[in-house]
Amino acid sequence: MTEVVEPGQNWPLGSSWTGGGVNFALHSGSAEAVEVCLFAEDGRTETARIALAHRTNQTWHGHVPGIGPGQRYGYRVHGPYEPAHGLRFNPAKLLLDPYAKAWDRPLLWADPALGHQVGAIDCEPVFDPRDNGPDMAKALVTAPEAFDWGDDSPPATPLADTVIYELHVKGFTQLHPAVPEALRGRFLGLAEPAAIGHLRRLGVSAVELLPVMAFIDEPLIRARGLTNYWGYNTLGFFVPDARYGVADAGRELKVLVKRLHTAGLEVILDVVFNHTAEGDPAGPTLSFRGIDNPGYYRLRPGDPGRYDNPTGTGNALNLDSPAVLRLVMDSLRWWATEYRVDGFRFDLATVLARRSDGTFDPGGPFLSAISQDPVLQPLKLIAEPWDIGPGGYRVGGFPCRWSEWNDRSRDDLRRFFLTRDIGPAGLADRLAGSSGSFRHDGRAPQASVNFVTAHDGFTLADLVTYGAKRNEANGEANRDGAGENWGWNAGVEGPSDDPAVRARRQALKRVLLAALLVSRGVPMLAMGDELGRSQGGNNNAWCQDNATSWLDWTAADEGLIDFVARLIRLRHGQAVP
């Protein structure tokens, strides 16, 4: 049925419980009509379809009396279906609220979520009238939650004293024998004393969590029986992913942050604002595409039926748009205030600074907005300073407020110690903080985040064990992943029982770690390198949610762990036994 309700307010965006009902506000500059659809507790039965008949500053809004927290809902947005002109409205598709703070279930979409008929994408896409409402995930109305933060305060570790440990929430604890089985792979598992104790033993000062915002699996990898393990396919920019929760992922993430803070550890979130999980034109209509496709995404100039794709993932959010910029800034402030995180690492950050003409602008809207935001001022901001678009490699090109992943440090440390492709002068520049790239506009050496390995690429053990990648398990005939890794197998490809080869590999791991931890800048360690973790030569394990990616604590190299801990103490000027 259709009802008309009170006008409500156009701010804040999303669903807001007022005590006597819920205010809904959705931004769409191109829509002709918007309906909010309410669903029963079974998550499938649509109980009401309510027109948001009022529009203020391109925001559709209305207040629905008599409902409250826990209400399941979604939007149906009406407008032209003209894909060639960038318009992809389809009210048969229930859409997730971009400002939702929680979903009622993980999102596993199927063909009815497509706005077009299958097989029609290479010609003019044909409108798909199938209703995906019953099977679609629903947003949940939430209320402000009381959480006892106690005397929590951020460690506020200076950048000069920061040592980052990049980890995956599930992979770190899934096989940990001292973590209760029910908590393994979850926020609460990482919050366990055994997990935090290992981080304290190492002496790192911050954990950088691979994406924990709600993300979905790509259909192609699901067809191969795989899933998106890393999580760089975000759709819910305010929603903690339920797969990391036991009962309440949001509350449990707060528990984790509080316990890490108590242990003196900062929490940095790896965030993905460069694209969304809706993908290319053949992808599903789940949220932004059906709400206002030309308003949220970068479309190709002269060909708005296609997306500009500097991300390589099929689409890119348009942060030149005030509405999209507001969405991203609101999301960052939400995680900073609601979850008290200490910083962000921005995936493919060059995309975020591209203007409407595609050029990179260090003084553009996003970088300018974040530089003056009072909520974000105390936080650490780290850019992955590249994308695959024209002029996308921008190492050293971000403003002085930022630190950046320095892949030149990664490559040159490998090239000096493993392949001997550079000489002492090249090594010296990296040990000195890559000043040629970062010493401008008053930037300090801490602008460079140095690393030898990261989640993407060989592990440290594999870097000195394999000369060639072995990614067949990913289902792409070993075509994926970087071909040039600047590694060396110490004379034997793969595992070896030769004592000389094994000793050589141990020495190489240690010298690489030592060079990293004495370099000026901010060092970053990849999860499990200190344990001697191997991925069997897979240098692109993004879809391997299995023992390939999980830490095997029973095989930990205790000597290497102690070596890393001693290096970090040495870096901090502490006594080393």
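For the sequence shown, this note's numbering gives the first residue as 144, with consecutive numbering after it. Note that the Cβ used here is the ideal one computed from N, Cα and C, for glycine as well.
Taking a C-beta distance under 8 Å as the contact criterion, T419 and T377 qualify as a contact pair.
Under the three-state reduction of DSSP output, P517 falls in the coil class, being neither helix nor strand. A direct Cα-to-Cα measurement between L169 and E149 gives close to 15 Å. Annotation: Q515 to R365 spans about 42 Å, alpha carbon to alpha carbon. Following the DSSP letters along the chain, one finds D705 inside the alpha helix (DSSP H) bounded by residues E701 to R714.
For H418, the secondary structure class from DSSP, reduced to helix, strand or coil, is coil.
Shown here for G675: same chain residues with a beta carbon closer than 6 Å to its own, the five before and five after excluded, namely A604, D700 and L703 in chain order.
L169: member of the beta strand (DSSP E) spanning G164 to H170, first to last residue. Proximity of the region 282-289 to the region 301-313 falls short of the contact definition, fewer than three beta-carbon pairs being nearer than 8 Å.
With distances taken between CA atoms, N617 lies nearest to T370 out of T370, N153 and Y242. For S158, the closest C-alpha among the options F431, N682 and K244 is that of K244. Note that the region 385-395 touches the region 329-338; at least 3 beta-carbon pairs, one per stretch, sit closer than 8 Å. At least 8 Å separates the beta-carbon of T493 from that of P465.
Short of 7 Å from the beta carbon of N458, and not among the five residues preceding or following it, lie these beta carbons of its own chain, in chain order: H418, T419, E421, G422, D423, Y440, Y450 and N452.
The way I'd put it, the region 569-585 does touch the region 542-554; three or more beta-carbon pairs between them come closer than 8 Å. Counting C-beta pairs with one atom in each stretch, the region 516-527 and the region 463-478 have three or more that are closer than 8 Å, which means they touch. With distances taken between CA atoms, P666 lies nearest to V350 out of R344, V350, R187 and A183. Proximity to A337 across R344, A684 and A321 peaks at A321, based on C-alpha coordinates.
Relative to the Cα of G637, the nearest Cα in the group N681, V595 and P277 belongs to N681. In the three-state reduction of the DSSP assignment, P208 falls in the strand class. Inter-residue distance for G388 and D446 is about 42 Å (C-alpha atoms, whole angstroms). By DSSP's assignment, G217 forms a beta bridge with C180. Around R645, the same chain offers S639 as residues with beta carbons nearer than 7 Å, after the five sequence neighbours per side are excluded. Between V398 and the set G455, L412, R386 and D291, the nearest pair of CA atoms involves D291. In terms of CA proximity to L468, F416 leads the group D485, I434 and F416. For P666, DSSP records a beta bridge to N593. DSSP places M356 within a strand segment (E or B) once states are collapsed to three.
Cβ contact annotation for F182 (same chain, cutoff 7 Å, sequence separation greater than five): T188, E189, T190, R215, Y216 and K281, in chain order.
In the three-state scheme derived from DSSP, where H, G and I count as helix and E and B as strand, D304 is classed as helix.
If you compare the alpha carbons of G486, V207 and T691 with that of S348, the shortest gap goes to G486.
Listed as beta-bridge partners of P383 by DSSP are M356. As for any beta strand (DSSP E) of minimum length 3 sitting wholly inside the region 491-574, the runs are 523-526 and 546-549, ordered along the chain.
In the DSSP assignment, A392 falls within the alpha helix (DSSP H) that extends over A392 to T405. Residue pairing by DSSP puts D413 in a beta bridge opposite R488. Residue pairing for G157: DSSP places it in a beta bridge opposite A168.
Linking F270 to P255 through their CA atoms gives a straight-line distance of about 11 Å.
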